[in-house]
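Using our numbering, the first residue of the sequence shown is number 59, and each one after it goes up by one.
Note that beta-carbon positions come from the ideal geometry of N, C-alpha and C, so glycine has one too.
Input: a single structure, listed below in structure tokens.
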Amino acid sequence: QISGAQRSHRNRVLAFTRRTLTRWAAQSATMAFERWRSQSTLMRDTRVKAERVVRAWRYRDVANAFEVWQTHTLAMLAARDSAVLFAVRLMRGSAYKALNGWRDAVRERRRTRKKVDKLLRGWLNRNLSSAFRGWHATVVRFK
């Protein structure tokens with residue numbers, strides 16, 4: 059038989075233990091969620107910065123290729139204006155080659171961009187999903 063004082067003491071100890079374990083579980087889940095949220099924010103910021111860098115590279119390379127084509131075309135027009143028809147006809151072939159070179163550069167940049175985008179998406183998703191799995195495991199464990 060347990061006396062009333064002992065029963066009361068046991069109930070207080072059980073209540074204290076229950077509150078302590080509940081707080082500890084909630085704190086662990088909160089810390090895991092905060093880590094996941096921090097990782098998610100970091101991954102998003104990294105993806106945005108990487109996209110900006112890739113966009114700048116793409117713009118610079120395409121602009122350079124177009125500038126080469128434009129310079130060549132302007133030189134061709136100047137030769138035509140100077141009425142040197144034979145020289146103009148010779149340069150048209152190289153202007154066509156320069157334009158094709160520009161198109162090839164654009165095509166190559168698009169292929170490279172797609173590869174980099176796919177690589178970055180896979181890399182970011184891998185890190186983000188491992189952080190989410192850790193958070194989810196903690197939540198399930200303390201449910």
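Taking a 10 Å sphere around the C-beta of H67, we find fewer than 16 other C-beta atoms and assign the residue as exposed. The region 122-137 makes no contact with the region 174-183: fewer than 3 CB pairs, one atom from each, lie closer than 8 Å. The beta carbon of R118 is closer than 8 Å to none in its chain, skipping five residues each way along the sequence.
Separation of the CB atoms of R102 and A189 is rounded to 12 Å, and the pair is thereby denied contact status at 8 Å. Annotated three-state conformation of Q97 is helix, per DSSP. Put simply, of R105, F91 and A83 the residue whose alpha carbon is nearest the alpha carbon of W181 is R105. Between the beta-carbon of T196 and that of A90 there is about 4 Å, and that keeps the pair under the 8 Å contact cut. Contact between R171 and R116 holds, with the beta-carbon distance rounding to 6 Å and staying under 8 Å.
The three-state secondary structure of S187, taken from DSSP, is helix. If you draw a straight line from the Cα of K107 to the Cα of A153, it is about 37 Å long.
Looking at the backbone, the Cα of S96 and that of S187 are separated by about 13 Å. In terms of Cβ geometry, V164 and V120 form a close pair [threshold 8 Å]. In this model, L72 and R191 are separated by some 32 Å (Cα to Cα). When the alpha-carbon of R113 is set against those of W82, R167 and R65, the nearest one is in R167.
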